[in-house]
Amino acid sequence: MKIEVKDLTERVPGTGDFIKIDQEKCTGCGRCIIICVMNLWKLRDGIAILDEDYHNKCLECASCYQVCESDAISFSYPAGGTGIIYKNG
Amino acid sequence: MRFEILKEYDVIIVGGGPGGSSAAKVAAEKGLKTIFFERGRKPGEKNSSGCGLGPRLWRDFDFMKELSPEICPSMRQTTFAKNCFINKDDQLVGMVMARPTESVTYEPAKSFITMNIYRSEFDPWVADLAIRAGAELKTSTLIKGLLKEKGKVVGVIDEKGEKYKSPIVIGADGVVSMVAKEAGLRAKWGPLEVTLVPQYDFKCDRKKLDDLIRDEAVTIWWGVNFPAAYQVFFGDGFHIGLGNWMSWWDKNPLYYLNRVIGLDYFQKWIKLLDAKPREVQAHLLPWKDYPRDTFTDNVMLIGDAGGFPCPLEAEGIYPAMLTGKLAAEVAVKAISDGDTSKSALQAYEAAWQKSSVGIEFESGPELSNIWRELPFKPKETMTWFIPLYMELMGGIYDWSEPHVIRVRQIIEKIQSYMPVAIPFIMKHVMPLLAEIMGEDLQQLGLLPDMLKKLLPKPKKKR
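Protein chains in written order, with the numbering used here: chain A, 140 to 228; chain B, 349 to 810.
Here it is as structure tokens:
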């Protein structure tokens, strides 16, 4: 049974930027790439980069921020009243 | 220049989950001018996670008696916890199902294990109780920072720069707590203090759920190829989820969850219930051996923000609602005494340590350790634990040989696991027993003397 996760989310637009990566601090360890349920991180030239459309894909779990041992990823919740909606959470 | 109206309160609560609302309700009832903030359009629609309400809520909070399926259509009572054991070949090898046992002492705990609810229905209800008690709720508002004067916290600032003043701020803002960070109580959780929990919600036919599942409504899937997964049934659907420490994952966490869903026996139930995936969710969940740093000058942390989920299986609603209530009571006293300093708020730590939540954490390190070593290390531990357990539970129901021969075969097989099982029991189970029972253990007639000698000495009480 293949589950298409992108069809299983609902969002209110207008989040603003809520995840940032400091490329100076990133060591390219790849932890964020493994942990992100929605596969929003990639390595380019040994540095983690975030999907440009993450506002419309992210589940806001903050795992990338929590797992980053070099403190390169910062996370704050999206603007009030925006972002992921859990109707059945 | 922008005209600024400063809003002043007795207590500000950041977060409108069950913990924040519980604090707001108590604070307002006791006459404090109270405001609580929710970043969602309504409480319960953002990253809420827990969904099982245990009987202690009914014992400790009178208003829980009013909760009904009319308020929460998702509500399902679970009388049975079912445990499914899955071997290394992903086969179901056994099942143990239990209702509350005869040693359970009070109602309604004798009648149910949990009431399962969707938080999108439960959280607004608790928030509404707080509003009816006189608290002010501001939704769609993200609190961005703490307001400070001469290094002391004197209120909060929202995302639009609006300021709210109060002598006490209660951080009920969940796992990634701005309040904890800005108050200097915690920057980020350590790697063994927090887990990632992905889960799916499946929609089912309500009538099929009522007919086929009824109150057998919590299933734990213990496996070798995935960390223990939980399946929780609601009015018209179920959650299936699992979790582990941040550093444990070697693949996308959904790989492990999909492995559970792919099990033959799981697929059988998907067919029977006509279940379809409806939502995907991911949460961080604090899972600590002990909550430290839960207060400072003018600030108290409750619920997930304070690291209060149960050290054994990380249920967080009850601890959040109880610590919320206790923090509000301490706030009332501190404000009437005119002292909201750290030394006055120490009463909060003393209160939760004495409470049902604090008692849970008396053996917190040992409890969290057991979970860490068993379901969270499926490849290392469950490989021997599951077959050993099933030999014990089910080995005798077999007609392959005369029963006397079967008993010998079972004992021989169990013995073959002893080189791994005994060190495990000595290292992880005995310290837990010693810690829980303390001096009482030596008095018990239950244990043979030989075994008592092996028990480690209990640690000094905190």
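Glycine included, each C-beta is placed from N, C-alpha and C at the ideal position.
key: Contacting positions in the stretch 166-184 of chain A - beta carbon closer than 7 Å to chain B   = Ile173, Ile174, Val176, Asn178
Alanine 668 of chain B versus glycine 169 of chain A - alpha carbon distance = Position 320 of the second sequence, counted from the start, is the residue given in the question as residue 668 of chain B. Position 30 of the first sequence, counted from the start, is the residue given in the question as residue 169 of chain A. Each residue's CA atom was taken as its position, placing alanine 668 of chain B and glycine 169 of chain A some 34 Å apart.
message = Using only the alpha-carbon positions, how far apart do threonine 462 of chain B and glycine 402 of chain B sit?
response = Within the second sequence, numbered from 1, the residue matching residue 462 of chain B stands at position 114. Within the second sequence, numbered from 1, the residue matching residue 402 of chain B stands at position 54. If I take the Cα positions, the gap works out to 5 Å.
key: Positions along the stretch 370-392 of chain B whose CB lies within less than 9 Å of some CB in chain A   = Within the stretch 370-392 of chain B, Phe385, Glu386, Arg387, Gly388, Arg389, Gly392 place their CB atoms closer than 9 Å to a CB of chain A, listed in sequence order.
ask   = With a CB to CB cut of under 8 Å and the five nearest residues on each side skipped, what residues in its chain are close to lysine 511 of chain B?
value = Here residue 511 of chain B corresponds to residue number 163 of the second sequence, with the count starting at 1. Here the set comprises Glu352, Leu354, Lys355, Leu495, Gly503, Val504, Ile505.
Three-state secondary structure assigned by DSSP to glutamine 579 of chain B = Start at 1 with the first residue of the second sequence, and residue 579 of chain B comes out as number 231. Glutamine 579 of chain B: strand per DSSP, three-state reduction.
Where tryptophan 747 of chain B falls, given that 16 or more other Cβ within 10 Å makes a residue buried = The residue labelled residue 747 of chain B in the question sits at position 399 within the second sequence. It is exposed - the Cβ of tryptophan 747 of chain B has fewer than 16 other Cβ atoms within 10 Å.
inquiry  = What would DSSP say about threonine 729 of chain B, mapped onto helix, strand or coil?
reply    = The sequence position of residue 729 of chain B within the second sequence is 381, counting from 1. If DSSP states are grouped into helix, strand and coil, threonine 729 of chain B belongs with the helices.
query = Between the C-alpha atoms of proline 639 of chain B and glutamate 677 of chain B, what's the straight-line distance to the nearest angstrom?
reply = For the purposes of this step, residue 639 of chain B is identified with residue 291 of the second sequence, where counting begins at 1. For the purposes of this step, residue 677 of chain B is identified with residue 329 of the second sequence, where counting begins at 1. Each residue's alpha carbon lies about 19 Å from the other.
request  = Give every residue of the same chain whose Cβ lies closer than 6 Å to the Cβ of arginine 810 of chain B, excluding the five residues on either side of it in the sequence, and list them in chain order.
outcome  = Working through the second sequence from its first residue, we reach residue 810 of chain B at position 462. Confidence is the limiting factor: at arginine 810 of chain B the pLDDT is only 47, short of 50, which leaves the residue's position unreliable, though a coordinate-based value still follows. Correct list: empty, nothing qualifies.
ask   = How would you call glutamate 163 of chain A, buried or exposed, if buried means at least 16 neighbouring beta carbons within 10 angstroms?
value = What you label residue 163 of chain A is simply residue 24 of the first sequence in a count that begins at 1. In the assembly as shown, glutamate 163 of chain A is an exposed residue. Its beta-carbon has fewer than 16 other beta-carbons within 10 Å.
task = Could you name the residues of chain B that glycine 219 of chain A contacts, counting a contact when the two beta carbons are closer than 7 Å?
result = Reading the first sequence from its first residue, position 80 is the one you call residue 219 of chain A. In chain order: Arg387, Ser488, Thr489, Leu490, Glu507.
inquiry  = Between asparagine 195 of chain A and chain B, is the shortest Cβ-Cβ distance under 8 Å, so that the two count as touching?
reply    = Counting from one through the first sequence, the residue named residue 195 of chain A turns up at place 56. Residue contact check for asparagine 195 of chain A against chain B: no CB pair falls below 8 Å.
request  = Using three-state DSSP, classify alanine 483 of chain B as helix, strand or coil.
outcome  = Walking along the second sequence from the start, residue 483 of chain B turns up at place 135. Coil.
ask   = Starting from cysteine 203 of chain A and walking both ways along the alpha helix (DSSP H), at which residues does that stretch end?
value = Taking the first residue of the first sequence as 1, we reach residue 203 of chain A at position 64. Note, cysteine 203 of chain A: alpha helix (DSSP H), 202-206.
ask   = Looking at the C-beta of lysine 226 of chain A, does it have a partner C-beta in chain B at a distance below 8 Å?
value = Reading the first sequence from its first residue, position 87 is the one you call residue 226 of chain A. It does; some Cβ of chain B falls within 8 Å.
query = Given that isoleucine 762 of chain B touches chain A, what residues does it touch there, using C-beta distances under 9 Å?
reply = Within the second sequence, numbered from 1, the residue matching residue 762 of chain B stands at position 414. Chain A residues near isoleucine 762 of chain B: none, gap ~36 Å exceeds 9 Å.
query = Under a Cβ-count criterion, where at least 16 other Cβ atoms within 10 Å of its own Cβ denotes burial, should tyrosine 603 of chain B be classed as buried or exposed?
reply = Walking along the second sequence from the start, residue 603 of chain B turns up at place 255. With fewer than 16 Cβ atoms within 10 Å of its Cβ, tyrosine 603 of chain B is classed as exposed.
request  = Report all residues from its chain with a CB closer than 7 Å to the CB of leucine 693 of chain B; omit the five preceding and five following residues, and keep chain order.
outcome  = Residue numbering aside, residue 693 of chain B sits at position 345 when the second sequence is read from its first letter. Result list for leucine 693 of chain B: Phe643, Met648, Val678, Ala682, in chain order.
ask   = How many Å lie between phenylalanine 656 of chain B and glycine 706 of chain B at the Cα?
value = Locating residue 656 of chain B in the second sequence gives position 308, where the first residue counts as 1. Locating residue 706 of chain B in the second sequence gives position 358, where the first residue counts as 1. Using only the alpha carbons, I get a separation of about 9 Å.
inquiry  = Counting only Cβ pairs nearer than 8 Å, list the residues of chain A close to tyrosine 512 of chain B.
reply    = Here the question's residue 512 of chain B lines up with position 164 in the second sequence. The contacting residues do not exist; tyrosine 512 of chain B stays about 14 Å from chain A at best.
query = Do you know offhand how far asparagine 600 of chain B's Cα is from histidine 194 of chain A's?
reply = Indexing the second sequence from 1 puts residue 600 of chain B at position 252. Indexing the first sequence from 1 puts residue 194 of chain A at position 55. Answer to the nearest angstrom: the Cα atoms are 20 Å apart.
query = Does the separation of the CB atoms of glutamine 205 of chain A and lysine 536 of chain B fall below 8 Å?
reply = Taking the first residue of the first sequence as position 1, residue 205 of chain A is located at position 66. Taking the first residue of the second sequence as position 1, residue 536 of chain B is located at position 188. Yes. Within cutoff.
ask   = Counting only beta-carbon atoms, is cysteine 200 of chain A nearer than 8 Å to chain B?
value = Working through the first sequence from its first residue, we reach residue 200 of chain A at position 61. Taking Cβ atoms only, chain B reaches closer than 8 Å to cysteine 200 of chain A, which makes this a yes.
query = Does DSSP put serine 213 of chain A in a helix, in a strand, or in coil?
reply = Position 74 of the first sequence, counted from the first residue, corresponds to residue 213 of chain A. In the structure shown, serine 213 of chain A sits in a strand (DSSP, three-state: E or B).
request  = Output the distance between the C-alpha atoms of glycine 364 of chain B and proline 713 of chain B, rounded to the nearest integer angstrom.
outcome  = The residue given as residue 364 of chain B occupies position 16 in the second sequence. The residue given as residue 713 of chain B occupies position 365 in the second sequence. Glycine 364 of chain B and proline 713 of chain B: Cα-Cα distance of roughly 29 Å.
ask   = Nearest chain B C-beta to arginine 150 of chain A closer than 8 Å, yes or no?
value = Residue numbering aside, residue 150 of chain A sits at position 11 when the first sequence is read from its first letter. No, its Cβ sits nowhere closer than 8 Å to a Cβ of chain B.
ask   = Ordered along the chain, which non-local residues of its own chain (more than five positions away) have a Cβ less than 6 Å from that of isoleucine 722 of chain B?
value = The residue labelled residue 722 of chain B in the question sits at position 374 within the second sequence. Correcting the residue identity first, residue 722 of chain B is leucine in this sequence and not isoleucine. Answer for leucine 722 of chain B: Thr729, listed in chain order.
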